[in-house]
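Colleague: Chains as they are written, first to last, in our numbering: chain A, 1 to 205; chain B, 206 to 410.
Backbone N, C-alpha and C fix where the C-beta goes; we use that ideal spot for every residue, glycine too.
It should be emphasised that the depicted structure is a prediction, and the values quoted were computed from it without experimental measurement.
Number of protein chains: 2
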Amino acid sequence: MNDNDNGLLLIFSGPSGAGKGTVLKELLHGNDNMKLSVSATTRPPREGECHGIHYFFMTKEEFEEQIANGEMLEHAEYCGRYYGTPSAQIMDWIEEGRDVVLEIEVQGARQIKEKRPDCVSIFVLPPSLEELENRLRYRNTEDEETIQKRLAVARQEMETARDYDYVIVNDTVEHTVEQINKIIAAEKLKVSRAKSNIERVLNND
Amino acid sequence: MNDNDNGLLLIFSGPSGAGKGTVLKELLHGNDNMKLSVSATTRPPREGECHGIHYFFMTKEEFEEQIANGEMLEHAEYCGRYYGTPSAQIMDWIEEGRDVVLEIEVQGARQIKEKRPDCVSIFVLPPSLEELENRLRYRNTEDEETIQKRLAVARQEMETARDYDYVIVNDTVEHTVEQINKIIAAEKLKVSRAKSNIERVLNND
């Protein structure tokens with residue numbers, strides 16, 4: 001198998017309320033060649049959560065062994081629990097020619113970009129801060145203080161959008177998904193990924 | 206006007222017989238926002254050739270003055286005549302937000318990439334060397350020696366495809382045009398070109 005047939009590793013970041021979840025659901029819907037990366041954690045499973053679907057549930061020892069072996073693309077610790085992205089399944093899918101989608105916050109994205117500079121990073125922006133605030137309020141699940149905190153974090157995260165490869169303003173889900181699909185198509189035509197196309201034509205294969 | 210509204214400078218290369226001409230004609234057809242760059246030359250106009258449409262016809266002195274003033278994006282001399290790409294009109298169009306298409310051989314492309322690293326370079330490959338040979342023969346305008354020479358040059362040119370940003374195998378005109386349009390859309394979403402999108406959202410403009 002040559003590099004040409006490899007899938008892409010696509011990482012998505014964006015503030016809470018930018019609409020990443022809906023966009024990724026729609027992007028994956030009906031695209032059999034695309035897979036959503038599964039995170040690993042040392043927190044215990046909640047009701048209805050399945051191992052290998054919602055998370056890979058691991059013991060602290062298993063998780064630390066994977067870090068030590070370089071088998072985590074990125075990881076972080078929150079409240080005494082590990083969260084991370086195991087590379088094994090992702091790399092298998094990519095070698096099978098599948099595009100793998102990863103939703104991740106900005107620090108994790110940075111770690112992955114360092115380890116896999118060939119990944120394609122996309123930052124999803126809300127149409128405006130006002131619209132972001134509306135969306136957060138519309139959820140109606142959080143008090144004013146939490147909303148203000150989320151807005152402050154969103155502003156900080158958006159400042160890091162400059163470190164990504166692409167930035168998309170998520171005006172409508174359909175338009176955003178269309179733009180992502182164009183990015184994927186274009187990335188696959190890049191010379192850095194398509195060198196074997198040149199060889200194939202030159203060698204009359 | 207911010208950088209976001211600027212058009213793209215798209216440079217196309219590919220061996221004779223790869224089908225660039227047909228592809229670019231189709232690409233420009235019905236796309237009012239796209240313009241085809243007009244070359245300059247010091248050779249006299251042939252019958253039916255219009256100044257500013259087929260070429261900018263210049264005297265040797267005018268051409269050399271433009272070179273001296275850095276007003277040529279690239280130039281070359283063949284058989285005692287100058288050929289080149291004047292930058293003025295291209296830059297005007299780009300600042301108006303129009304995408305400008307430039308068909309150019311590989312040395313010219315290299316000169317432009319040096320002067321305008323933000324240009325997007327696309328190499329158009331034929332599906333195979335065999336197909337390229339068929340296409341050259343089908344034209345039925347050249348003798349065997351010329352065809353063999355063209356094939357040798359094509360092979361050399363294709364070796365330089367690695368220096369381009371994108372490479373497209375021109376299987377059908379429709380598919381190739383579709384791929385080019387996806388590249389254009391993706392390039393406009395690159396953070397390097399879309400920084401003002403981030404500012405706009407952050408500043409609630």
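Using the rule of at least 16 other Cβ atoms within 10 Å of the residue's Cβ for burial, across every protein chain shown, is residue 227 of chain B buried or exposed?
Modeller: Residue mapping note: residue 227 of chain B aligns to position 22 of the second sequence, counting from 1. Its Cβ having fewer than 16 others within 10 Å, residue 227 of chain B is exposed.
Colleague: For the region 361-374 of chain B against the region 155-172 of chain A, are there 3 or more C-beta pairs whose distance is under 8 Å?
Modeller: The answer is no - the region 155-172 of chain A does not touch the region 361-374 of chain B, with fewer than three Cβ pairs under 8 Å.
Colleague: Could you list the residues in the region 147-170 of chain A with a C-beta less than 9 Å from some C-beta on chain B, going in chain order?
Modeller: So the list reads 155, 158, 159, 161, 162, 163, 164, 165, 166, 167, 168, 169, given in the order they occur along the chain.
Colleague: Just the chain A side, please: which residues come within less than 9 Å of residue 331 of chain B by C-beta, in chain order?
Modeller: Stepping through the second sequence from its first residue, residue 331 of chain B is reached at position 126. Here the neighbours are 201.
Colleague: Residues of chain A with CB under 9 Å from residue 309 of chain B, in chain order?
Modeller: Numbered from its first residue, the second sequence carries residue 309 of chain B at position 104. Per Cβ cutoff of 9 Å: no residues; residue 309 of chain B is ~17 Å from chain A at best.
Colleague: Identify the contact partners of residue 387 of chain B in chain E, using a Cβ-Cβ distance below 7 Å as the criterion.
Modeller: Annotation note: the requested chain E is absent from the structure, which comprises protein chains A and B.
Colleague: State the Cα-Cα distance for the pair residue 113 of chain A and residue 188 of chain A, rounded to the nearest angstrom.
Modeller: In the first sequence, the residue the question calls residue 113 of chain A occupies position 113. In the first sequence, the residue the question calls residue 188 of chain A occupies position 188. Those two C-alpha atoms are separated by around 18 Å.
Colleague: Does the beta carbon of residue 239 of chain B come closer than 9 Å to any beta carbon on chain A?
Modeller: Taking the second sequence and counting its residues from 1, one reaches residue 239 of chain B at position 34. No, its Cβ sits nowhere closer than 9 Å to a Cβ of chain A.
Colleague: Is the CB-CB distance between residue 63 of chain A and residue 30 of chain A below 9 Å?
Modeller: Translated into positions along the first sequence, residue 63 of chain A becomes position 63. Translated into positions along the first sequence, residue 30 of chain A becomes position 30. Contact flag unset, no.
Colleague: Would you mind telling me which residues of chain A sit closer than 7 Å to residue 384 of chain B, beta carbon to beta carbon, in chain order?
Modeller: Here residue 384 of chain B refers to the residue found at position 179 of the second sequence. The answer, in chain order, is 185, 189.
Colleague: Assuming residue 81 of chain A contacts residue 43 of chain A (C-beta within less than 8 Å), just tell me the rounded distance between them.
Modeller: Taking the first sequence and counting its residues from 1, one reaches residue 81 of chain A at position 81. Taking the first sequence and counting its residues from 1, one reaches residue 43 of chain A at position 43. That pair is a contact at about 4 Å.
Colleague: Indicate the three-state DSSP secondary structure (helix, strand or coil) for residue 372 of chain B in the structure shown.
Modeller: Residue numbering aside, residue 372 of chain B sits at position 167 when the second sequence is read from its first letter. In the structure shown, residue 372 of chain B sits in a strand (DSSP, three-state: E or B).
Colleague: Report yes or no: do three or more beta-carbon pairs, one from the region 180-187 of chain A and one from the region 340-359 of chain B, lie closer than 8 Å?
Modeller: No, the region 180-187 of chain A is not in contact with the region 340-359 of chain B.
Colleague: Helix, strand or coil for residue 304 of chain B, going by three-state DSSP, please let me know.
Modeller: If you number the second sequence from 1, residue 304 of chain B lands on position 99. Residue 304 of chain B falls in the strand class under three-state DSSP.
Colleague: Note down, in chain order, every chain B residue with its Cβ under 8 Å from the Cβ of residue 194 of chain A.
Modeller: Position 194 of the first sequence, counting from 1, holds the residue named residue 194 of chain A. What residue 194 of chain A touches in chain B: 371, 372.
Colleague: Only counting runs of 3 or more residues, tell me where the beta strand (DSSP E) segments fall wholly within the region 261-336 of chain B, in order along the chain.
Modeller: Within the region 261-336 of chain B, the complete beta strand (DSSP E) runs of at least 3 residues are 277-283, 286-291, 304-308, 325-330.
Colleague: Output needed for residue 341 of chain B: all residues of its chain with C-beta closer than 8 Å, excluding positions within five of it in sequence on either side, in chain order.
Modeller: Your numbering for residue 341 of chain B matches position 136 in the second sequence. Within the same chain, residue 341 of chain B has close Cβ partners 221, 222, 347, 352, 355, 356.
Colleague: Ordered along the chain, which non-local residues of its own chain (more than five positions away) have a Cβ less than 8 Å from that of residue 207 of chain B?
Modeller: Here residue 207 of chain B is taken as the residue at index 2 of the second sequence, counted from 1. Annotation note: pLDDT 45 at residue 207 of chain B (below 50); position unreliable, coordinate value reported separately. Result list for residue 207 of chain B: 401, in chain order.
Colleague: Could you check where the alpha helix (DSSP H) with residue 229 of chain B kicks off and where it finishes?
Modeller: Position 24 of the second sequence, counted from the first residue, corresponds to residue 229 of chain B. Where residue 229 of chain B is concerned, the enclosing alpha helix (DSSP H) stretches over 225-233.
Colleague: Using DSSP bridges, identify the partner residues of residue 11 of chain A.
Modeller: Your numbering for residue 11 of chain A matches position 11 in the first sequence. Beta-bridge pairing links residue 11 of chain A to A:102, A:121.
Colleague: Spell out the partners DSSP gives residue 36 of chain A in its beta bridges.
Modeller: By one-based count along the first sequence, residue 36 of chain A stands at place 36. According to DSSP, residue 36 of chain A bridges with A:101.
Colleague: Tell me whether residue 256 of chain B sits in a helix, a strand or coil according to DSSP, three-state version.
Modeller: Start at 1 with the first residue of the second sequence, and residue 256 of chain B comes out as number 51. Residue 256 of chain B falls in the strand class under three-state DSSP.
Colleague: Could you tell me whether the Cβ of residue 198 of chain A comes closer than 9 Å to any Cβ of chain B?
Modeller: The count along the first sequence starts at 1 and reaches residue 198 of chain A at position 198. It does; some Cβ of chain B falls within 9 Å.
Colleague: So the alpha helix (DSSP H) residue 356 of chain B belongs to, where does it begin and stop?
Modeller: Residue 356 of chain B sits at position 151 when you count from the first residue of the second sequence. Residues 349-364.
Colleague: Within the 9 Å Cβ cut-off, does residue 217 of chain B reach chain A?
Modeller: Indexing the second sequence from 1 puts residue 217 of chain B at position 12. False, the Cβ-Cβ gap to chain A never drops below 9 Å.
Colleague: Taking the straight line between their C-alpha atoms, what separation do you get for residue 302 of chain B and residue 395 of chain B?
Modeller: Here residue 302 of chain B refers to the residue found at position 97 of the second sequence. Here residue 395 of chain B refers to the residue found at position 190 of the second sequence. Answer to the nearest angstrom: the Cα atoms are 16 Å apart.
Colleague: Over the uninterrupted alpha helix (DSSP H) stretch that includes residue 195 of chain A, give me the two end residues.
Modeller: Within the first sequence, numbered from 1, the residue matching residue 195 of chain A stands at position 195. Taken as a continuous stretch (DSSP letters only), the alpha helix (DSSP H) holding residue 195 of chain A covers 191-202.
Colleague: Report the residues of the region 17-31 of chain A with a CB closer than 9 Å to any CB of chain B, ordered along the chain.
Modeller: Those would be none; no residue qualifies.
Colleague: What residues from chain A crowd round residue 204 of chain B, counting only those whose CB sits closer than 9 Å?
Modeller: Here chain B comprises residues numbered 206 to 410, so residue 204 of chain B is not present and cannot be evaluated.
Colleague: Using a 10 Å radius around the Cβ and a threshold of 16 neighbouring Cβ atoms, would you call residue 51 of chain A buried or exposed?
Modeller: The count along the first sequence starts at 1 and reaches residue 51 of chain A at position 51. With fewer than 16 other Cβ atoms within 10 Å, it is exposed.
Colleague: Let me make sure I understand the geometry here. Which of B:240, B:378, B:382 has the alpha-carbon closest to that of residue 294 of chain B?
Modeller: On the second sequence, residue 294 of chain B is found 89 positions in, with the first residue counted as 1. Measuring from the Cα of residue 294 of chain B, the nearest candidate turns out to be B:240.
Colleague: Restricting to Cα atoms, I'd like to know which of B:361, B:276, B:350 is closest to residue 321 of chain B.
Modeller: The residue labelled residue 321 of chain B in the question sits at position 116 within the second sequence. Considering only alpha carbons, the answer is B:276.
Colleague: What whole-angstrom Cβ distance do residue 334 of chain B and residue 214 of chain B have, given they're in contact under 8 Å?
Modeller: Walking along the second sequence from the start, residue 334 of chain B turns up at place 129. Walking along the second sequence from the start, residue 214 of chain B turns up at place 9. Wrong, their Cβ atoms sit about 30 Å apart, outside the cutoff.
Colleague: Express the C-alpha separation of residue 338 of chain B and residue 75 of chain A in angstroms, rounding to a whole number.
Modeller: For the purposes of this step, residue 75 of chain A is taken as residue 75 along the first sequence, with counting starting at 1. For the purposes of this step, residue 338 of chain B is taken as residue 133 along the second sequence, with counting starting at 1. Their Cα atoms are separated by approximately 54 Å.
Colleague: Whose C-beta lies closer than 8 Å to the C-beta of residue 24 of chain A among residues of the same chain, with five residues either side of it excluded?
Modeller: Residue mapping note: residue 24 of chain A aligns to position 24 of the first sequence, counting from 1. Around residue 24 of chain A: 12, 36, 101, 103.
Colleague: For residue 408 of chain B, count neighbouring Cβ atoms within 10 angstroms of its own Cβ and tell me buried if that reaches 16, exposed if not.
Modeller: Along the second sequence, one-based indexing puts residue 408 of chain B at 203. Classification of residue 408 of chain B: exposed, given that the 10 Å Cβ count is below 16.
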